[in-house]
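To keep things clear, I will list the structure first and then write my remarks on it.
Residue numbers (the numbering used here): 38 to 171.
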């Protein structure tokens, strides 16, 4: 953590790798809530999207990082932010891990959001035989 807290402020809190991913996206992916919180407290953009349009909330949902997803939502992460395929965080969580528990912090998402393939999270729920989120 010490290396991150020294390096990023000197460069940019939102410095990107070759995929356009910031430290915030990687912290969400790996479930490192302490680094995620530090990045947010130091001005990291919670809406930043990589080359594919994925943001930290996409990765948190995809990797079932519930604490990170909750932290991002507390700090204003947009539930409707879509990737380049038109998928929201809820779509990513369903498709990548196939478990409804990965989506618990994403209550309030639009189950009827239509992606570029004309599919909705509600259709994915039905396909897995799950009951709709209340």
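Quick reminder that beta carbons are idealized off the backbone N, C-alpha and C, glycines included.
Residue 83 is classed as buried because its beta carbon has at least 16 other beta carbons within 10 Å across all chains shown. Straight-line measurement puts the Cα of residue 116 at about 11 Å from the Cα of residue 128. The shortest CA-to-CA distance from residue 88 to any of 52, 120, 95 is the one to 120. With 16 or more other Cβ atoms inside 10 Å of its own Cβ, residue 72 counts as buried. Sequence-distant Cβ neighbours of residue 68 in its own chain, meaning closer than 6 Å and more than five residues away, are 102, 105.
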